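Participant: Would you mind keeping the following structure in view while I ask a few things?
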Amino acid sequence: MFVIRLADGTLRVPQSLTSDDGRLIGNAYVEIAPGEPDYDQWLPESITEEEEASRRRRWQEENDALEQEFLAYKSELE
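Pasting the structure below:
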């Protein structure tokens, strides 16, 4: 999950919720507006929505090639 910077400057910061014993309950995004506490901390590592979409597309494309390579390798073993 990435810190996503929206067009108006608001940051969407990933946050996880865990139980008392440390089990993951869920993941979500918390929005932090300019001027709010922690905004300056998260801003340097934020990416735009377009950059996030590009990374996701690239990952999926590269994953397809990796998956095909794995399937070819697997078929050689059978």
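Residue numbering for the sequence shown is 16 to 93, as defined by my numbering. All C-beta atoms in this analysis are idealised placements derived from N, C-alpha and C, irrespective of residue type, glycine included. Remember, predicted model here, so these are calculated numbers, not experimental data.
#1: Pairs of beta-carbons, one from the stretch 36 to 44 and one from the stretch 69 to 80, closer than 8 angstroms: are there three or more?
#2: Could you compute how far the alpha carbon of L86 sits from the alpha carbon of G24?
#3: Pull up the distance between the alpha-carbon of I19 and that of L92, whole angstroms please.
#4: Using the Cα positions of R27 and L21, report the straight-line distance between them to the nearest angstrom.
#5: Following the continuous beta strand (DSSP E) through E2, name the residue where it begins and the one where it ends.
#6: What's the gap between the Cα of I62 and the Cα of A48?
#7: Would you give the residue range spanned by the alpha helix (DSSP H) that D36 belongs to?
Facilitator: With the structure as the only source:
#1: With a cut-off of 8 angstroms on Cβ pairs, the stretch 36 to 44 is not in contact with the stretch 69 to 80, counting fewer than three such pairs.
#2: 43 angstroms
#3: 42 angstroms
#4: If I take the Cα positions, the gap works out to 8 angstroms.
#5: Here the chain has residues from 16 to 93 only, and residue 2 is not among them.
#6: 15 angstroms
#7: Where D36 is concerned, there is no enclosing alpha helix (DSSP H), given that its DSSP letter is neither H nor E.
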